[in-house]
Amino acid sequence: MGVNIEDGCSDGSLSPLDLQLEKIQALVALKEETGIPFVINARTCAFWYDVAGEEENLSIAIERGRAFAQAGADCVFVPGAMSLATAKTLIQEIPCPLNLILTPQTQDIQTLNQAGLARLSLGSGPVRATYQGVIELAQKIQQEQDFTALLQTPLTYAKANEYFKE
1 MGVNIEDGCS
11 DGSLSPLDLQ
21 LEKIQALVAL
31 KEETGIPFVI
41 NARTCAFWYD
51 VAGEEENLSI
61 AIERGRAFAQ
71 AGADCVFVPG
81 AMSLATAKTL
91 IQEIPCPLNL
101 ILTPQTQDIQ
111 TLNQAGLARL
121 SLGSGPVRAT
131 YQGVIELAQK
141 IQQEQDFTAL
151 LQTPLTYAKA
161 NEYFKE
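With the first letter of the sequence shown counted as 1, position 133 gets the number 133 in full-length UniProt numbering; the numbers rise by one all the way through.
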């Protein structure tokens, strides 16, 4: 079980660092008080919102990631587009397990694992890929009245239901 806490605001800015640290510290205290072993995953949106360009985003993410870890975050999440070299720098500079999001630049999981990445999130990728498949299927049905893909799917009704047992 875990709690995600992020610094991104709806206007594309980052919330003040001291406010984020207070929130993380409050969550740490809650863990101690309740004895519930949940993970505090602290997210910085520096790259997600591209607040300042890659080099400055890197400085911001490192500063915030270090502060989040020092405040008690169990993991730091830095989603967004970045070079593989930048990803490696984040892994080296943030002193707790790092979580990145899958991008064209961060898809080399072997290299990231060797560099020490703790977690690579898929983000909305699976849902977007599913939507794309449904859209293409609907277009084929609408334009060609071709139902073959629906009738010949190898995934049976019974097998689909097995995935949702318990």
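Glycine included, C-beta positions come from ideal geometry on N, C-alpha and C.
Cβ-Cβ separation, residue j to residue i (assumed contact under 8 Å), whole Å
i	j	result
residue 119	residue 104	Wrong, their Cβ atoms sit about 18 Å apart, outside the cutoff.
residue 76	residue 94	5 Å
residue 121	residue 141	Contact flag wrong, Cβ pair sits at about 33 Å.
residue 88	residue 115	5 Å
residue 17	residue 45	Wrong, their Cβ atoms sit about 13 Å apart, outside the cutoff.
residue 129	residue 137	Residue 129 to residue 137, Cβ: 13 Å. No contact.
residue 3	residue 21	Between residue 21 and residue 3 the Cβ distance is about 15 Å, and since that is not below 8 Å, they are no contact.
Burial state of residue i (16 or more Cβ within 10 Å)
i	result
residue 109	exposed
residue 1	exposed
residue 23	buried
residue 154	exposed
residue 9	exposed
residue 151	exposed
residue 68	buried
residue 36	exposed
residue 117	buried
residue 43	buried
residue 86	buried
residue 58	buried
Residue i: CB within 7 Å of a non-hydrogen atom of the ligand HEM
i	result
residue 21	The model on display carries no ligand, and the ligand HEM is accordingly not part of it.
Residue j beta carbon less than 8 Å from that of residue i
i	j	result
residue 51	residue 65	no
residue 74	residue 41	yes
residue 90	residue 62	yes
residue 47	residue 12	no
residue 71	residue 143	no
residue 55	residue 82	no
Per DSSP, the bridge partner or partners of residue i
i	result
residue 10	DSSP, once it has assigned bridges, lists no residue as partnering residue 10.
residue 120	100
residue 3	40
Closer than 8 Å to chain D by CB, residue i
i	result
residue 87	Although the question refers to chain D, the structure presented lacks it and comprises just one protein chain.
Counting only runs of 3+ residues fully inside the segment 32–112, write out the beta strand (DSSP E) ranges in chain order. 39–43, 75–77, 98–101
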